[in-house]
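A.B. asks:
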Amino acid sequence: MDINLKCFATLAEADTCDYKGSTTKTVAQEATVRDLLKEAKIAEKDVKLIFVNGKRAEIDTVLRAGDQVGLAPPVGGM
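For the sequence shown, the numbering used here begins at 840 and goes up steadily by one.
#1: Between L844 and T871, is the Cβ-Cβ spacing less than 8 Å?
#2: For D874, report the span of its alpha helix (DSSP H) as first-last.
#3: Rounded to whole angstroms, what is the Cα-Cα separation between V908 and K884?
#4: Could you tell me which residues DSSP pairs with E852 in its beta bridges?
#5: With respect to the beta strand (DSSP E) encompassing T900, which residues constitute its N-terminal and C-terminal limits?
#6: Would DSSP call K884 helix, strand or coil?
#7: Answer yes or no: do D874 and A867 have a C-beta to C-beta separation smaller than 8 Å?
#8: Which residue comes first and which comes last in the beta strand (DSSP E) that contains N843?
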C-alpha cells in the first residue's frame, strides 16, 4: 500500500523524504510507522515526533493506505 511521507528539519532530503511535498513510499498491509522508517532508511533514534494524518502518533501505529505521515527530529534550544 502507498503511504505519503513528509520529513522536517534534518530528516528532510529532496530525493527520499522532502518537507515541501510528500514522498510516496510503498509498505505492506498492516505496516507500522516503524516499518515505514525501515523502508525510508530513517533511524528510529533520529525521529522525535510522528504525525499520522495531522495527529500525534507512536512508532507502533498501524498505517492505512493513503495515510500522510510526518516525521520530525529532536530539536534543541536555549
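Just so it is clear, CB atoms sit at the ideal spot from N, CA and C, and this is done for glycine as well. Bear in mind the structure is a predicted one, so any value in this text is a computation, not a measurement.
C.D. replies: Straight from the coordinates:
#1: Contact: no.
#2: That run of the alpha helix (DSSP H) goes 872 to 879.
#3: Taking the straight line joining both Cα atoms gives about 17 Å.
#4: In the DSSP assignment, the residues bridged to E852 are C856.
#5: No beta strand (DSSP E) contains T900, which DSSP labels as neither H nor E.
#6: Looking at K884 - three-state DSSP - the assignment turns out to be helix.
#7: Note that the C-beta distance between D874 and A867 is below 8 Å.
#8: Bounds of the beta strand (DSSP E) holding N843 are 841 to 846.
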